[in-house]
Amino acid sequence: MELKEISPEAIMDNIFKLIGKDWMLVTAGTDVSFNTMTAAWGGLGVLWDKKICFCVIRPTRYTYTFMEKHEGFTLSFFEEQYRGALTYCGTKSGKDVDKIAQTGLTPVFDNGIIYFSEARLVIVCRKIGSSA
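Printed below as a string of structure tokens:
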């Protein structure tokens, strides 16, 4: 999938369902080294007149290091047929397994960000803050 830029207001999905029920992959890193994990928490909103997303990654998670090291990250959303891949990415650590090989997902490296070609919606994010 090639990304087509839209404004956040153009996202027609119910954000509560999209994140809480459908889940997402949070991905950060480079084309040389990256990790992705499943998340079913977070949100979109407005903070200090900026459109933002927030996601909470525990410091014990392998993805946390990638999120701290890199300014950009993506939130990728998939159709139901990829539920197994999201389940796998949420139950296995990228420290121990090759999630990409095991799930068959196709990473796309574009302008310093990573997303998956199978995703139906990708939100490209730039970090404005973090806290441990």
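Residue numbering for the sequence shown follows my numbering, beginning at 792 and increasing consecutively. Note that beta-carbon positions come from the ideal geometry of N, C-alpha and C, so glycine has one too.
Please report how far the alpha carbon of F807 lies from the alpha carbon of E870, in whole angstroms.
-> 16 Å
* Asked: Looking at the structure shown, is M815 part of a helix, part of a strand, or coil, going by DSSP?
  -> strand
Who are L794's beta bridge partners in DSSP?
L794 pairs with nothing; no bridge assigned.
- Residues near G903 in its chain [Cβ-Cβ closer than 7 Å; skip 5 each side]: G863
Worksheet item: Looking only at DSSP bridge pairs, what is I904 linked to?
Response: D901
**Prompt:** To which residues does DSSP link A830 through a beta bridge?
**Reply:** M815
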